[in-house]
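The sequence shown begins at 301 in the numbering used here and counts up by one.
Every residue, glycine too, gets a C-beta built ideally from N, C-alpha and C.
Since the model is a prediction, treat every value here as computed from it, not as a measurement.
Presented below is the structure to which this report refers.
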Amino acid sequence: MEKSMFDTVAASAGEDDIVNENLRDNLLGISHETEKRFAYLCDLANALYPKLCDAAEGDLFLSCSEDAVRRAYLDTLGLPLSGETDADEINRHDTDFRGDFFLRSDRYFICKKMIEMTGVKYTQKNLGQVLFGDCPDLSPKDRKIAFVRNIQSGKAFECFARYVFGAMTAYRDSFALACESVADGDCAYGILPLRNSVDGRLSAFYKMLDKHELGVLLCCDIDNQNGDTTRYALVYARNGVMSARGTLKLECRISFDDPADIGGICEMARFFGVTVDTIDSITDGHGGSGSSFAVCFSLEGEDAAGFIFCLQMEYPQILPIALYTQIEGAGN
């Protein structure tokens with residue numbers, strides 16, 4: 301007997317019901333396993349937290365750059381110690397932990413939970429203390445700002461002067477002399493270009509920062525008449541904190557044997573809600589190039605401390621360059 305169109309449609313509908321039911325069961329199963337996984341990771345964080353606090357002998361976050369804390373973290377999670385193997389191996393290592401497959405993303409979650417367990421809302425000053433070992437307050441008597449006299453530098457001075465009470469100009473013939481004035485104590489601050497829309501990262505000026513061990517407090521973008529933009533920095537004799545309205549930025553340097561491993565940093569940033577602004581390939585300091593990078597992050601949201609903690613645990617080879625606030629700049 302020949303099937304009618306109604307019978308065909310009914311059969312098709314029945315098959316769809318079976319498929320939908322199977323999909324629903326699968327999704328419920330996946331959801332259940334995900335809940336179990338997160339519960340398991342929370343238990344791991346609860347078990348790991350007191351061990352790391354003992355190693356820190358104080359506030360866990362403020363001590364997270366210490367070798368003892370990192371060693372306790374790696375030991376407990378069954379990861380290779382940085383002193384025994386290359387740092388890149390640590391970054392790539394996905395290992396078994398008590399019989400379970402232990403992923404890098406799991407470790408991000410554990411780091412996040414442990415910083416939440418501290419119950420502390422960490423400030424920019426606290427972040428600077430972790431990254432640089434010290435982050436002193438600025439003196440309100442510091443007023444003189446050294447810079448090269450030109451239109452763009454003048455606009456940058458005007459932007460920075462909003463946060464330096466009674467700011468005074470101190471013109472210099474070159475940016476190198478401006479840096480020397482800050483390093484020697486003749487001026488409290490200096491203004492230095494760090495990046496532009498034509499050449500990107502200006503390595504020569506970063507070398508000036510390194511040479512004189514200057515810290516960056518603020519940055520702003522200044523446009524010129526040609527439509528190009530230059531990022532200027534307000535630099536100081538050391539790393540410090542200047543209260544300002546804007547976006548907190550972290551610049552750091554990191555090296556890998558395999559340049560593709562830079563993707564792990566981007567993955568971690570996404571997990572913590574941190575934006576990767578720029579990634580620049582730079583020379584490695586030994587006459588070569590390739591696998592060393594300068595990375596700039598925007599630390600927005602409340603997970604900045606968790607992100608920096610995780611960086612310290614997962615990437616021991618990281619070298620912080622600057623922690624500063626990006627303030628509103630000026631057009632042409």
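Reduced DSSP category for residue i - H, G, I as helix; E, B as strand; rest coil
i, result
"Leu360", "coil"
"Asp510", "helix"
"Gln525", "coil"
"Cys435", "coil"
"Gly573", "coil"
"Val369", "helix"
"Ile618", "coil"
"Phe593", "strand"
"Gln626", "strand"
"Ala504", "helix"
"Val516", "strand"
"Ala605", "helix"
"Asn496", "strand"
"Ala544", "coil"
"Val420", "coil"
"Glu567", "helix"
"Glu551", "strand"
"Ala560", "helix"
"Ala345", "helix"
"Arg531", "strand"
Close beta carbons around residue i, own chain, < 6 Å, minus the five adjacent residues each side
i, result
"Ala478", "Ala446, Phe447, Arg472, Gly490"
"Asp603", "Phe572, Gly573"
"Glu635", "The requested residue 635 is not part of the displayed model; the chain covers only 301 to 632."
"Ala345", "Ile410, Lys413, Met414"
"Arg538", "Gly515"
"Asp437", "none"
Exposed unless 16 or more other CB atoms sit within 10 angstroms - verdict on residue i
i, result
"Cys342", "exposed"
"Leu431", "buried"
"Gln525", "exposed"
"Val464", "buried"
"Asp386", "With a pLDDT of only 42 at Asp386, under the threshold of 50, the placement of this residue in the model should not be trusted; the figure read from the coordinates follows. Its Cβ having fewer than 16 others within 10 Å, Asp386 is exposed."
"Asn426", "buried"
"Ala504", "exposed"
"Gly540", "buried"
"Val498", "exposed"
"Ala560", "exposed"
"Arg449", "exposed"
"Gly515", "buried"
"Ile451", "exposed"
"Asp354", "exposed"
"Arg545", "exposed"
"Lys441", "exposed"
"Glu614", "buried"
"Gly606", "buried"
"Ala347", "exposed"
"Glu628", "exposed"
Contacts around residue i, its chain only, beta-carbon distance under 7 Å, and the 5 residues preceding and following it disregarded
i, result
"Glu335", "none"
"Ile618", "Cys552, Ile554, Leu611"
"Arg443", "Val464, Gly466, Ala467, Met468, Ala488"
"Lys455", "Ile522, Ala630"
Cβ-based neighbour list, residue i, same chain, cut-off 8 Å, excluding 5 preceding and 5 following
i, result
"Leu502", "Pro493, Leu494, Arg495, Asn496"
Quiz prompt | Touching by the beta-carbon criterion (3+ pairs, under 8 Å), the region 527-534 and the region 483-501 | solution = yes
Quiz item: Just checking, does the region 480-487 make contact with the region 550-570 on the three C-beta pairs under 8 Å criterion?
Solution: no
Exercise. Please specify which runs of the beta strand (DSSP E), each continuous and at least 3 residues long, are wholly inside the region 437-489, giving them in chain order.
Key: 444-448, 468-472
Quiz prompt | Three or more C-beta pairs below 8 Å linking the region 411-419 and the region 360-377 | solution = Yes, since at least three Cβ pairs between the region 411-419 and the region 360-377 fall closer than 8 Å, the two stretches touch.
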